Structures are given as structure tokens and as C-alpha cells.
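Protein chains in written order, with this note's numbering: chain A, 62 to 267; chain B, 62 to 267.
Every residue gets a Cβ at the ideal spot worked out from N, C-alpha and C, and that includes glycine.
What you are looking at is a predicted structure, and each value in this text was computed from that prediction instead of being measured.
First comes the structure, then the notes that go with it.
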């Protein structure tokens with residue numbers, strides 16, 4: 062099969078052109094277009110053109126927080142690794158993941174709950190605005206829901222895109238019902254790569 | 062929506078049961094079933110039941126190499142982060158990624174090629190058996206193809222699962238034509254999460 066001869070720096074641009082060609086006449090909301098296309102780019106899955114849900118003003122809220130050096134907290138090391146740190150560093154932002162921290166692992170075991178749940182409790186105690194980027198654990202979303210209802214956690218926004226089969230659809234619907242600023246991939250699909258893609262799309266467009 | 066009350070340790074088991082329920086009567090090759098199901102588990106995408114291609118004996122070859130302390134080389138930090146290190150450490154295996162190494166970045170710039178290509182050249186010089194886990198860069202696969210044809214690189218196996226729109230389908234087909242031991246996600250889909258899932262599925266079943 063023929064390989065297209067293309068400069069490294071042009072591959073991403075060409076990819077987005079092909080995505081647009083495949084989308085054809087389909088119009089995406091300009092406010093969310095860059096995010097939706099980057100999710101498609103990272104997964105080659107066009108379902109994201111339909112499954113992504115945005116609360117009003119969420120993208121601007123995230124951008125404002127990033128400009129002020131917010132913390133992004135992911136529920137996996139993989140999500141953390143996938144987020145581009147260059148510009149975030151310049152803005153004084155940090156990308157954190159507590160899921161493998163010794164104290165988190167210990168508490169989760171003692172209480173018989175997931176590490177993801179305990180890691181959210183740790184995030185809620187940070188003294189900075191927090192953007193939660195959840196690509197893996199429904200229990201992280203349920204923990205956010207509880208703490209938010211109890212007035213103990215007010216994240217700037219929740220990127221709610223876990224993937225999977227147990228409590229995934231339900232926990233995402235609960236984030237939508239909660240009314241917290243959120244970007245949600247409805248349905249079973251999502252992942253740490255999608256969480257990272259959403260954060261990257263937002264920072265690349267500011 | 063109702064949340065299923067389930068112990069943390071049972072979530073994965075229940076997920077695989079649901080995957081089997083959705084697959085229904087569909088029979089997967091027992092040799093590859095664990096790998097295919099883990100790719101579905103990590104993506105909620107049932108296309109992997111059809112798109113994964115295995116060369117004869119590839120899974121056993123990877124297991125044998127892991128037992129002897131092989132190196133797994135990924136083309137992204139995200140793939141590296143997604144691979145479970147516990148058992149691999151015990152077997153003396155390492156999970157490496159050269160794509161952000163200073164020397165790789167420098168050489169790629171000088172030659173006007175991708176970092177992924179140069180990173181493969183670095184992997185080819187390792188003095189251990191190497192399993193390539195490529196979830197992102199078609200150019201990594203093309204580099205493997207060239208070096209293999211020139212007799213300069215004999216990886217134990219190539220996990221060829223880049224995702225995307227430029228040269229992705231073509232580069233995977235070339236790995237299939239090459240005859241190197243390989244696991245390939247045909248088509249546009251794949252990703253660092255899929256590369257990690259394949260390595261994890263293999264190590265969890267040995």
C-alpha cells in the first residue's frame with residue numbers, strides 16, 4: 062500500500078483535514094468543534110461527534126482557570142502522561158494523579174472502596190482550583206457527586222469520560238444531573254486518552 | 062439512574078461478564094480471547110472482535126521473551142504509563158520509551174523525520190530482546206519495516222496498533238506483509254491504551 066509522503070509537522074494538520082472530509086456536511090458547534098475533532102483524532106471513532114455533552118460555559122471556565130494556574134487531577138497515570146505539559150507549565154498549572162499514592166492505596170484498602178474514590182477526596186482538599194479529568198473510574202465520578210452535594214468539593218469542571226461496562230453510563234448521567242460544569246462522553250466509551258485529548262484541545266486553543 | 066453496588070475487586074470480573082453477554086454466541090479464538098476482550102474492556106469498542114490480527118505463535122513468543130526479561134518499547138509515554146509494571150519488574154522486564162529523549166528529539170529535528178522513527182532506531186540497538194508496542198506513530202512501524210528488511214532489527218514481536226488518519230492503515234498492512242511476529246489492529250483504530258491493554262492481557266495470562 063502506498064505511503065503518503067508528508068512532513069512530520071504536517072501530519073496532524075492533514076489528519077484534521079481528513080476528519081473534516083469524513084464529517085462531510087455535518088456541522089459541529091464551533092464552540093466545541095476543536096474538542097470533538099481532537100477526540101476523534103485520538104480514537105478514530107466518529108461516535109464522539111454525537112456523544113460529547115457540554116454544560117454552558119464550561120470551556121471558558123476551564124480556560125480561565127488554566128490561565129490562573131489551576132490543577133488538573135486525573136484518575137490514571139495514563140491520563141496524566143497524555144496531557145501536554147509545556148504550555149500548562151508556563152501558566153503555572155500542574156497535572157496531578159493521586160491514584161497510586163501510598164496514603165490513597167492504604168485508605169482504600171482499609172475502607173474497602175476504590176483508590177479512585179479516595180483520590181478524589183484528596184483532590185477536594187487542594188488549595189487551588191481543580192479540574193477533574195476522569196477517563197477511567199466511575200467511582201471517581203460518584204465520589205465527586207457526593208462531595209459536591211455535601212458542599213465539600215467545587216471543581217472548576219469535571220471531564221467525565223470513563224470507559225467501561227459497570228456503572229459507567231450511570232455515573233456520567235449523574236454528573237450531568239448534578240449541574241456541575243462538565244464535559245461528558247455519554248455512553249460506555251471514553252478513556253484516559255479521551256480525557257487527555259479534551260484537556261489538550263482546550264489548551265491548544267487558548 | 063441506579064448504581065450497581067459492587068466491590069472494587071469485582072468490577073473487572075463483572076465487566077468481562079458483560080462483554081461476554083454482549084458478544085453473545087460469537088466465538089472468539091481461545092488463543093486470543095483474553096487479548097481481544099481486554100481491548101474491548103479498555104475501549105468499549107466491539108470492533109476489536111474483528112479487527113485484531115495475530116501472526117501464528119506470536120503470543121507464545123511474547124510470553125517466552127517476557128519470562129527471559131525482555132524490553133518492551135512503546136512509542137508514547139502514555140503507552141508506557143498504561144502498562145502494568147508489577148509482574149514485569151519481577152520477571153526483570155523493562156518498559157521503555159525513547160520518544161522524548163534529548164538525543165532522539167535532536168536527531169529527528171536535524172534529519173526532518175519524526176521522533177518516533179529515530180526512537181525505533183534507538184530500540185534496535187538495545188542488547189536485549191525487544192517487544193515493540195506502537196499505539197501512536199505509523200512512522201515507527203515504517204522504521205521497523207526498513208530496519209527489519211535491512212537485517213538491523215529483529216524484534217520479538219510488534220504490537221502494531223497506531224490510531225489515526227495518515228498512513229495508519231497502510232503502515233499496519235506493511236507490518237502484516239513483512240512477516241515479523243505481530244499483533245495488528247487493522248483499520249484506523251488503536252491507540253496507546255490498546256497497545257498497553259495487549260501487553261497487559263498477555264502478562265496477566267501467564
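Using CA coordinates, which residue listed in the options is at the minimum distance from residue i?
i, options, result
"residue 196 (chain A)", "A:179, A:265, A:108, A:257", "A:257"
"residue 252 (chain A)", "A:124, A:263, A:222", "A:222"
"residue 106 (chain A)", "A:260, A:264, A:246, A:263", "A:246"
"residue 266 (chain A)", "A:180, A:124, A:68, A:152", "A:124"
"residue 149 (chain A)", "A:74, A:163, A:131", "A:131"
"residue 224 (chain B)", "B:239, B:216, B:255, B:94", "B:255"
"residue 100 (chain B)", "B:184, B:210, B:76", "B:76"
"residue 69 (chain A)", "B:211, B:215, B:170", "B:170"
"residue 129 (chain B)", "B:138, B:147, B:154, B:143", "B:154"
"residue 67 (chain B)", "A:229, A:83, A:233", "A:229"
"residue 200 (chain A)", "A:211, A:212, A:219, A:179", "A:179"
"residue 216 (chain A)", "A:226, A:241, A:82, A:145", "A:241"
"residue 231 (chain A)", "A:102, A:211, A:198", "A:198"
"residue 82 (chain A)", "B:244, B:226, B:237", "B:226"
"residue 89 (chain B)", "B:236, B:168, B:164, B:112", "B:112"
"residue 74 (chain A)", "A:64, A:145, A:102", "A:102"
"residue 189 (chain A)", "A:164, A:218, A:238", "A:218"
"residue 122 (chain B)", "B:220, B:138, B:211", "B:220"
"residue 64 (chain A)", "B:239, B:235, B:116", "B:235"
"residue 156 (chain B)", "B:164, B:109, B:139", "B:139"
"residue 72 (chain A)", "B:174, B:210, B:248", "B:174"
Here's the rule: buried if 16 or more other CB atoms are within 10 angstroms of the residue's CB, otherwise exposed. What is residue i?
i, result
"residue 78 (chain B)", "exposed"
"residue 87 (chain A)", "exposed"
"residue 91 (chain B)", "exposed"
"residue 118 (chain B)", "exposed"
"residue 62 (chain B)", "exposed"
"residue 161 (chain B)", "exposed"
"residue 206 (chain A)", "buried"
"residue 136 (chain A)", "buried"
"residue 233 (chain A)", "buried"
"residue 172 (chain A)", "exposed"
"residue 213 (chain A)", "exposed"
"residue 147 (chain B)", "exposed"
"residue 250 (chain A)", "buried"
"residue 143 (chain B)", "buried"
"residue 98 (chain A)", "buried"
"residue 85 (chain B)", "exposed"
Is residue i near residue j, with beta carbons less than 8 Å apart?
i, j, result
"residue 176 (chain A)", "residue 166 (chain A)", "yes"
"residue 158 (chain A)", "residue 182 (chain A)", "no"
"residue 96 (chain A)", "residue 194 (chain A)", "no"
"residue 120 (chain B)", "residue 263 (chain B)", "yes"
"residue 243 (chain B)", "residue 208 (chain B)", "no"
Report, in whole angstroms, the separation of the C-beta atoms of residue i and residue j, which I expect to be a contact under 8 Å.
i, j, result
"residue 127 (chain B)", "residue 152 (chain B)", "6 Å"
"residue 237 (chain A)", "residue 93 (chain A)", "That pair is no contact at about 15 Å."
Taking beta-carbon pairs under 8 Å, can you tell me which members of the segment 216 to 245 of chain A lie near chain B? Correct list: 224, 225, 226, 227, 228, 229, 230, 231, 232, 234, 235.
Check distances from the C-beta atoms of the segment 91 to 113 of chain B to those of chain A and list, in chain order, the residues that come in under 8 Å. Within the segment 91 to 113 of chain B, the qualifying residues are 102, 103, 104, 105, 106.
Can you list, in chain order, the residues of the segment 74 to 93 of chain A whose Cβ is nearer than 9 Å to any Cβ on chain B? Per Cβ criterion, the list reads 75, 76, 77, 78, 79, 80, 83.
Any residues in the segment 191 to 218 of chain A with a beta carbon nearer than 7 Å to a beta carbon of chain B? Which ones, in chain order? Within the segment 191 to 218 of chain A, the qualifying residues are 203.
In chain order, what residues of the segment 247 to 259 of chain A put their CB closer than 8 Å to some CB of chain B? Residues passing the 8 Å Cβ filter: 248, 249, 250, 251, 252, 253, 254, 257.
Interface positions of the segment 114 to 137 of chain B facing chain A (Cβ-Cβ less than 9 Å), listed along the chain: In summary, the residues of the segment 114 to 137 of chain B whose CB is separated from some CB of chain A by less than 9 Å are 137, in the order they occur in the chain.
Given a limit of 8 Å on CB to CB distance, which residues of the segment 139 to 163 of chain B reach chain A? Under the 8 Å Cβ criterion, the segment 139 to 163 of chain B contributes 139, 141, 142, 143.
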